[in-house]
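Let me begin by presenting the structure, written as structure tokens, before commenting on it.
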Amino acid sequence: MDKMFLTVFTPSYNRAHLLPRLYESLCSQTNNNFIWLIIDDGSKDNTKELIEQWFKEKRINIQYHYKENGGMHTGHNMAYQLIKTELNICIDSDDAMPSDGVEKIQNLWESVEDRTRIAGIIGLDAEESGKIIGNKIPDNLKQGSLDELYEKYNVKGDKKLVLRTDIVHRYPAYPEYKGEKLVPLGVLYMMIGKDYDFIYSNDVYCIVEYQLEGSSHTILKQYKQSARGFAYSRMIEIKHSKSFSNSFKKYIHLVSSAIFAKDISLAFKGVNPLWSFIAFPYGLALNIYIRTKIK
Numbered sequence: 006m007d008k009m010f011l012t013v014f015t016p017s018y019n020r021a022h023l024l025p026r027l028y029e030s031l032c033s034q035t036n037n038n039f040i041w042l043i044i045d046d047g048s049k050d051n052t053k054e055l056i057e058q059w060f061k062e063k064r065i066n067i068q069y070h071y072k073e074n075g076g077m078h079t080g081h082n083m084a085y086q087l088i089k090t091e092l093n094i095c096i097d098s099d100d101a102m103p104s105d106g107v108e109k110i111q112n113l114w115e116s117v118e119d120r121t122r123i124a125g126i127i128g129l130d131a132e133e134s135g136k137i138i139g140n141k142i143p144d145n146l147k148q149g150s151l152d153e154l155y156e157k158y159n160v161k162g163d164k165k166l167v168l169r170t171d172i173v174h175r176y177p178a179y180p181e182y183k184g185e186k187l188v189p190l191g192v193l194y195m196m197i198g199k200d201y202d203f204i205y206s207n208d209v210y211c212i213v214e215y216q217l218e219g220s221s222h223t224i225l226k227q228y229k230q231s232a233r234g235f236a237y238s239r240m241i242e243i244k245h246s247k248s249f250s251n252s253f254k255k256y257i258h259l260v261s262s263a264i265f266a267k268d269i270s271l272a273f274k275g276v277n278p279l280w281s282f283i284a285f286p287y288g289l290a291l292n293i294y295i296r297t298k299i300k
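In terms of my numbering, the sequence shown opens at residue 6 and continues consecutively.
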């Protein structure tokens, strides 16, 4: 393992105008025991020149890697290949870290006596104003999975995950489909959460600023454009779902994605074909609805 305990990694595509905010937040950390890894996903702006300038400033430990454009999930795949620290956290190019973020992560992690079955930490996202995204984790909950927070305890809003690097390496990389730019990242967290617990924390690790061109605001277009990636996600979600109603919703989405991919067989691979057949008219209706919304 690297002498640093944490890698903060940032996949970035043409975000040179946003990266300075994140850079300054990392330079202001009260604990500098981290590496900032930038995965440049084929940027055509001045990202490389900007990073080169920051290298010269030597304010924090920076690693930079350029790759051909492939989408957010491919940036995560490359990051996981490169990271050697015990823990890692993704902070997107349009986000920032509170000044005590790294310190709080290290303090909490070092307080955990037995980490054998612990995959990392789940903390909070917040707006610049301090407003929590969604709601906090109930104080009586100490550890569990991300899915349990959402499905069992009705916790709302994006949460920030800190992952053990060695555990990430035990799971398959996100599949990369030609011409597609997204596989929903949550499938990895779901698979890990079925085998390991996460420590729950109400500390804020990420200050978010959603962009109009970001994935949060273009999800329906990505849903259509990355149909195979979304079909893969639905298949994994169906496999691990414990709720019939939730599972059937995923079947509906799986059918819709298969139609967008122009490959109906995707709706029947690796799942119960009977339920795909029953869900088919609902999936067709969803597909039509999404096409209408995109227009």
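A virtual CB, placed ideally from N, CA and C, is assigned to each residue, including glycine.
Since the structure is predicted, the reported quantities are computational estimates derived from the model, not experimental observations.
Q34 carries a coil assignment under DSSP once its states are collapsed to helix, strand and coil. Annotation: the continuous alpha helix (DSSP H) that includes D152 extends over 151-156. Comparing C-alpha distances from I142 to each of L92, I88, Y155 shows the shortest one belongs to Y155. The segment 160-179 and the segment 61-74 do not touch, with fewer than three beta-carbon pairs separated by less than 8 Å. Secondary structure note for A101: it is in no alpha helix (DSSP H), with a DSSP letter that is neither H nor E.
Cα atoms of P286 and N277: separation of roughly 16 Å, rounded to the nearest angstrom. Taking the C-beta atoms as reference points, F39 is found nearer than 8 Å to V107. DSSP places D97 outside both helix and strand once states are collapsed to three, so it counts as coil. With contacts defined as CB atoms closer than 8 Å, L42 and I96 fail to qualify as a contacting pair. Secondary-structure assignment with DSSP links H70 through a beta bridge to I44. Inclusion of V188 and Y176 in the CB contact set at 8 Å is not warranted, their separation being larger than that value. If you check the CB distance, S17 and L24 come in under 8 Å. When G125, R120, N19 are compared, the shortest CA-CA separation from I44 is found for N19. DSSP lists W41, I94 as the bridge partner or partners of V13. Residue environment for R122: exposed (fewer than 16 other C-beta atoms within 10 angstroms of its C-beta). For F60, the enclosing alpha helix (DSSP H) stretches over residues 52-62.
Separation of G149 and K157 (C-alpha to C-alpha, rounded to the nearest whole angstrom) is 11 Å.
Excluding the 5 residues flanking it on each side, L259 has same chain C-beta neighbours closer than 8 Å at A236, R239, M240, I243, L271, A272, V276, S281, A284, G288, in chain order. With a cutoff of 8 Å on beta-carbon distance, I110 and I126 are scored as near each other. Rounded to whole angstroms, L279 and A290 show a C-alpha spacing of 18 Å.
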